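Here the structure is laid out as structure tokens; the discussion comes afterwards.
Residue numbers (our numbering): -19 to 84.
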């Protein structure tokens, strides 16, 4: 396989930006963002440790498109992205399971 360079990074960033344009930006659950940060750090630790300091910058740059950014990083470094399940509610009790509520 050919070596990946700056052009590949630009293509990955364009893909993430393109995905962001297709979907409205939304606030991603902070726990999911933290998990994605951990996963991206893991990829960089294994494949390109020089980029470890860029993770926080990437999370800010791709706010609302963190999942796409993570997938792009995995693709770039030839890793299979881990499945990301949606958060299961908030610990502070603010989230409610509306399926159980009955109109009254």
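Backbone N, C-alpha and C define an ideal beta-carbon position, used for all residues, glycine too.
Treat the numbers as computed from the prediction; the structure is a model and nothing was measured.
Beta-carbon proximity list for residue i, same chain, < 7 Å, skipping 5 on both sides
i: residue 50; result: 16, 19, 20 and 61
i: residue 32; result: 21, 24 and 25
i: residue 63; result: none
i: residue 13; result: 39 and 46
Residue j beta carbon less than 9 Å from that of residue i
i: residue 86; j: residue 46; result: Beyond the ends of the chain as shown, which are -19 and 84, falls residue 86; an answer cannot be given.
i: residue 24; j: residue 34; result: yes
i: residue 59; j: residue 27; result: yes
Residue i, buried or exposed, once every other Cβ within 10 Å from all chains shown has been counted against 16
i: residue 65; result: exposed
Sequence-distant residues of its chain with Cβ nearer than 6 Å to residue i (five each side left out)
i: residue 57; result: 23 and 27
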